[in-house]
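Student: I have a structure I would like to understand better, so I am pasting it below and will then ask my questions one at a time.
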Amino acid sequence: MIWELGQESKLVFECTGVESSVHSGIYATRFGGSVSVIGVGKDFQNIPFMHMSAKEIDLKFQYRYHDIYPKAIRMVAAGILNLKPLVSHRFDLEDGLKAFETASNPGSNAIQVQILDG
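To convert a position in the sequence shown, counted from 1, into our numbering, add 54.
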């Protein structure tokens, strides 16, 4: 990830809960940064504790989202959060193959690829 970004990240959101992905997120985080694990993983996971300690990386967790939705909706409605940049590419249904090619190509810098029907 560092190679793709050209630098370490200040904030990493890990949204799979998969141990190897948590490790990747931790190793991609800069000194004093933060890793947020969103969702559920295994009951027990090994983490690179000494790496995190030496780089003073904070590890945070968000287990459930049910009480987050109302606040997030209010923030979007008030214009505090702009969600449009999160969808980086949009394709018509007829261009579905191109959408999948874009989503799977790291060089496209795709964040979220949508396929629209109609």
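For every residue, glycine included, the Cβ atom is placed at its ideal position computed from N, Cα and C.
As the structure is a computational prediction, the values presented were derived from the model and not from experiment.
Just list the alpha helix (DSSP H) runs in the region 93-131, keeping only unbroken ones of 4 residues or longer that don't cross its boundaries, in chain order.
Tutor: 103-108 and 123-131
Student: Would you report the Cα separation of E148 and L140, rounded to the nearest angstrom?
Tutor: Their backbone Cα atoms lie some 22 Å apart in a straight line.
Student: I need the straight-line Cα distance from Y123 to I134, nearest angstrom please.
Tutor: Using only the alpha carbons, I get a separation of about 14 Å.
Student: Leaving out five residues before and five after G87 in sequence, what residues of the same chain have Cβ atoms less than 8 Å from its Cβ?
Tutor: E62, S63, K64, L65, V66, K109, I111 and D112
Student: Using the C-alpha atoms, what's the distance from A157 back to I165?
Tutor: 8 Å
Student: Just checking my contact of I101 with V76 at CB under 8 Å: how many whole Å lie between their CB atoms?
Tutor: 7 Å
Student: Measuring alpha carbon to alpha carbon, tell me which residue in G172, M104, W57 and Y81 is nearest F145.
Tutor: For F145, the nearest C-alpha among the options comes from G172.
Student: Does the distance from the C-beta atom of G71 to that of G95 stay below 8 Å?
Tutor: yes
Student: Quick check on the DSSP output: the alpha helix (DSSP H) that includes S75 runs from which residue to which?
Tutor: E73 to Y81 is the extent of the alpha helix (DSSP H) around S75.
Student: Under the rule that 16 or more other beta-carbon atoms within 10 Å means buried, what is E58, buried or exposed?
Tutor: exposed
Student: Closer than 7 Å by C-beta to Y117: which residues in its own chain qualify, once you throw out the five before and the five after it? Chain order, please.
Tutor: The residues are V94.
Student: From N136 to N159, what distance separates their C-alpha atoms?
Tutor: 25 Å
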